[in-house]
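Read the structure below first, then the notes.
There are 2 protein chains.
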Amino acid sequence: MRPTVHDLAQSAGVSLATVDRVLNNRPGVKASTRSRVEEAIARIGFVRDVAAANLAKGRIYPLTFVVPSGDNSFMVSLRHQIEEAKTRSIAERTEIVMVEVPAFDAEALVAALRALRNDPPAGVAVVAVDTEEVRRELLALKASGVAIVTLVSDLEGFDRDHFAGVDNLAAGRTAGSLMARFLAGKTGRIGVIAGSMLVRDHQDRLIGFRERLAEINPSLVILPAEECHDDPHRVDAAARRLLAEAEGLVGIYNLGAGNRGLIAALSLMPSGPRPVAIAHELTDHTRAALEGGVIDVILNQDAGHEVRAAIRVMKAKSDGTPVIAAQERIRIDIFLKDNLP
Amino acid sequence: MRPTVHDLAQSAGVSLATVDRVLNNRPGVKASTRSRVEEAIARIGFVRDVAAANLAKGRIYPLTFVVPSGDNSFMVSLRHQIEEAKTRSIAERTEIVMVEVPAFDAEALVAALRALRNDPPAGVAVVAVDTEEVRRELLALKASGVAIVTLVSDLEGFDRDHFAGVDNLAAGRTAGSLMARFLAGKTGRIGVIAGSMLVRDHQDRLIGFRERLAEINPSLVILPAEECHDDPHRVDAAARRLLAEAEGLVGIYNLGAGNRGLIAALSLMPSGPRPVAIAHELTDHTRAALEGGVIDVILNQDAGHEVRAAIRVMKAKSDGTPVIAAQERIRIDIFLKDNLP
DNA sequence: CAGATTTTGAGGTACGTAAATCATTTTCTT
DNA sequence: AAGAAAATGATTTACGTACCTCAAAATCTG
Chain F
1 MRPTVHDLAQ
11 SAGVSLATVD
21 RVLNNRPGVK
31 ASTRSRVEEA
41 IARIGFVRDV
51 AAANLAKGRI
61 YPLTFVVPSG
71 DNSFMVSLRH
81 QIEEAKTRSI
91 AERTEIVMVE
101 VPAFDAEALV
111 AALRALRNDP
121 PAGVAVVAVD
131 TEEVRRELLA
141 LKASGVAIVT
151 LVSDLEGFDR
161 DHFAGVDNLA
171 AGRTAGSLMA
181 RFLAGKTGRI
191 GVIAGSMLVR
201 DHQDRLIGFR
211 ERLAEINPSL
221 VILPAEECHD
231 DPHRVDAAAR
241 RLLAEAEGLV
251 GIYNLGAGNR
261 GLIAALSLMP
271 SGPRPVAIAH
281 ELTDHTRAAL
291 EGGVIDVILN
301 QDAGHEVRAA
311 IRVMKAKSDG
321 TPVIAAQERI
331 RIDIFLKDNL
341 P
Chain G
1 MRPTVHDLAQ
11 SAGVSLATVD
21 RVLNNRPGVK
31 ASTRSRVEEA
41 IARIGFVRDV
51 AAANLAKGRI
61 YPLTFVVPSG
71 DNSFMVSLRH
81 QIEEAKTRSI
91 AERTEIVMVE
101 VPAFDAEALV
111 AALRALRNDP
121 PAGVAVVAVD
131 TEEVRRELLA
141 LKASGVAIVT
151 LVSDLEGFDR
161 DHFAGVDNLA
171 AGRTAGSLMA
181 RFLAGKTGRI
191 GVIAGSMLVR
201 DHQDRLIGFR
211 ERLAEINPSL
221 VILPAEECHD
231 DPHRVDAAAR
241 RLLAEAEGLV
251 GIYNLGAGNR
261 GLIAALSLMP
271 SGPRPVAIAH
281 ELTDHTRAAL
291 EGGVIDVILN
301 QDAGHEVRAA
311 IRVMKAKSDG
321 TPVIAAQERI
331 RIDIFLKDNL
341 P
């Protein structure tokens, strides 16, 4: 039988009240008594029944997601997953609030985070823009006991409780590997389309891509990245330009959003050999393009997994429970038409 | 505030006792009363607090995993993950029993399943051999209210509650795609190493592989599969034979276990172009081979995910709670050296 | 309509923990 | 050693649900 607080009290030779004081670190316990209880905990293998504790406390976990607004399809999907999670709130004892802030707007983000100070939630998951003020604000929240999870993009060197996202340098390298291998020694030019080089994620992907491509096949020429700000129309235009102008365009990599534009441009090509096309994020559009052979590889991060992982981690951190690291790690999914979910 | 049984009783205009009778379908309730309560449940959105209910019932979930013994590295890892899950039993209110049966031994499996009849657990997760007797035994368990999860390999057309594993046809197709794409139009022979063609999983992988390879590049010649029964030594020998004998061996696919043999054989090759090597299951060995460039791609199913998904599903089924399908779906992971976990 | 039967209600205890109050004991201070 | 302060104990109620008993009411049977 699982030991209870009563067993613990008996085993430690103290009263239930003292056990309670120790477990919930209330004041007024001598250090020696406290360690006596802690020893007993270890000895009998006591594990607090979190469900019973939550019942007694009437506890729910207030969790706040701070995410960018805008119609970038990945962010749309992320917000959708947060809404889905709200659906499960009753059963999971969570109360999820989603705050939308304009994308790439550090001031708005800071304001949103500051607003949380009044009534701090148990955890905050944030798609962070990396500025000093943002870091300061998050640190302040963390100092007041809020579990901090960075979502999608991490803050380098920042002591958050968890990062629910992928390593974009590795993602870029993966794209580079696949591009080089699919081209198997061929020579030619590679077009790259990006959202904005001011965003860390995109920088990383590009760096990784270039690095790896150069390692495997230095004869491939990587054209300068076209910044299209994740706008399908601009991506369309850029892709057309690349396809028309660049003699020997053998590959094209869209490391940002706006894949509809890329797909449109590729679909309009005259029949004949197509460049190897690699892009990010699995959506209805990219799925169809993959199935139709217009796009060769989609790299993906599972937004649903990210949201669920963030929730689990915030709950766990906020009651000092261990996390299953392997479960919470977000994969860089590689999708071909053959292994689509 | 979340409605409780008391709110429900009041809202339905019945007593707490009647609500209890309805919720736990105890006898002695008029049909009209029962439906009155059910309407109230829908009206006020009552959701039973499973945690409180489990506390009251003193409920734990007895779960049994029936898995093959043997030192196939995937099965070793699967068993390890089950042991890991045992570690979390206290916190998750599970009591996990692992039963090992000799691999591919239908009789032993049937016996193990029959033994569960006396004291049926809440759920059974089983790596099933597909025979009539096995199906009958599982059906009997299911009929007595046990949640049935097939693990790793599914029983086609069998009405299990869940399958925690991957689609091996798709996995084979994925391998075929990658092989063909990495060879980019080249011509030559492809060696295939399998465990046993009597196992459904391996059949499927081979079928998918051949299919897809033929679709993309029909000029590639796929050699007959070498059955090595997942034994590293036999795999080693077979790989050496392939590498020595086959003129123009451009690719090698091990769809079974025993990768150590494959890696050994490949590592001994004289320098020069290596065949594209694709294999299954990420282990310490295959990871090192991937990093060292000896193997090009590892396809993987996450044993930890499979075990955790099986547990979540068995718990959910056994108390009629919904399952998050996307979360429980097991991916066909594609690992290059760039996106290793 | 009496008696039997079915259905419903009222109320209590339990699960493991939290949180509170008040009483008692121990330890410190001077 | 007396008084103050700190530490500990004893006990109770509550959380939401399950499950039990006994009584009362409603419905059926002939």
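Just so you know, the sequences run in chain order F and G.
In terms of full-length UniProt numbering, the first sequence is residues 1 to 341.
In terms of full-length UniProt numbering, the second sequence is residues 1 to 341.
Positions of the beta carbon are idealized from the N, C-alpha and C atoms, including for glycine.
Beta-carbon of residue i versus every beta-carbon of chain F: anything under 8 Å?
i, result
"G:N339", "yes"
"G:A310", "no"
"G:I90", "yes"
"G:D333", "yes"
Using the beta-carbon of each residue, which ones in chain F are nearer than 9 Å to residue i?
i, result
"G:Q327", "G304, H305 and R308"
"G:V47", "I90 and A91"
Taking only the alpha-carbon atoms, compute the straight-line gap between residue i and residue j and give it to the nearest angstrom.
i, j, result
"G:D333", "F:L55", "39 Å"
"G:L141", "G:K315", "16 Å"
"F:P121", "G:L63", "36 Å"
"F:M269", "F:G251", "14 Å"
"F:S73", "F:Q203", "19 Å"
"G:S318", "F:H280", "38 Å"
"F:G165", "F:G292", "29 Å"
"G:C228", "G:S196", "7 Å"
"G:D161", "G:I148", "5 Å"
"G:A128", "F:F46", "37 Å"
"F:D167", "F:P232", "25 Å"
"F:A91", "G:V313", "15 Å"
"G:R210", "G:A326", "29 Å"
"F:S89", "F:A310", "14 Å"
"F:V199", "F:P68", "13 Å"
Taking Cβ-Cβ distances shorter than 7 Å, what residues in chain F pair up with residue i?
i, result
"G:T174", "L336, D338 and N339"
"residue 343 of chain G", "Outside the displayed range of chain G (1 to 341) lies residue 343 of chain G, so it cannot be described from this structure."
So with Cβ pairs under 8 Å, would you call residue i a contact of chain G?
i, result
"F:S177", "yes"
"F:F163", "no"
"F:R189", "no"
"F:I7", "It is worth fixing the name first, because residue 7 of chain F is Asp in this sequence and not Ile. Not an interface residue."
"F:D154", "no"
"F:F2", "The residue asked about is misnamed: residue 2 of chain F is Arg in this sequence, not Phe. Yes, contact with chain G."
"F:F182", "yes"
Hey, would you say the C-beta of residue i is under 7 Å away from at least one heavy atom of the ligand MN?
i, result
"G:A103", "Of the ligands one can find in the structure shown there are none, so the ligand MN has no counterpart to examine."
Comparing C-alpha positions only, which one of the options sits nearest to residue i?
i, options, result
"G:V110", "G:K86, G:G256, G:R173 and G:L138", "G:L138"
"G:G188", "G:L249, G:R34 and G:V67", "G:L249"
"G:T94", "G:H80, G:N72, G:V124 and G:I44", "G:V124"
"F:L340", "F:L23, F:T150 and F:V297", "F:V297"
"G:L255", "G:E247, G:E245 and G:A239", "G:A239"
"G:V152", "G:F163, G:F158, G:A143 and G:A106", "G:F163"
"F:K86", "F:S77, F:V76, F:M98 and F:M75", "F:M98"
"F:I60", "F:A51, F:A143, F:A115 and F:V66", "F:A51"
"G:A175", "G:S144, G:V276 and G:A143", "G:V276"
"G:R48", "G:F335, G:K337 and G:G320", "G:G320"
"G:L155", "G:S144, G:R135, G:A143 and G:A147", "G:R135"
"F:L113", "F:L213, F:E133, F:V22 and F:E84", "F:E133"
"G:E100", "G:A91, G:L78 and G:N118", "G:L78"
"F:D130", "F:A108, F:A143, F:S144 and F:G145", "F:A108"
"G:G191", "G:S271, G:M75, G:L266 and G:A171", "G:L266"
"F:S177", "G:A17, G:L290, G:R329 and G:G261", "G:L290"
Residue i versus chain G: which residues are under 9 Å apart at the beta carbon?
i, result
"F:P54", "In the sequence under discussion, the amino acid at residue 54 of chain F is Asn, which differs from the Pro named in the question. What F:N54 touches in chain G: A51."
Determine the chain G residues that contact residue i at a beta-carbon separation under 7 Å, and present them in chain order.
i, result
"F:D201", "Simply none; closest approach about 15 Å."
Just the chain G side, please: which residues come within less than 8 Å of residue i by C-beta, in chain order?
i, result
"F:R210", "Going along chain G, no residue has its Cβ under 8 Å from F:R210, so there is no contact; the nearest lies around 13 Å."
Quiz item: Is the number of C-beta pairs between the region 215-222 of chain G and the region 176-187 of chain G that are closer than 8 Å three or more?
Solution: yes
Quiz item: Counting pairs of beta carbons, one from the region 9-17 of chain G and one from the region 40-57 of chain G, are three or more of them closer than 8 Å?
Solution: yes
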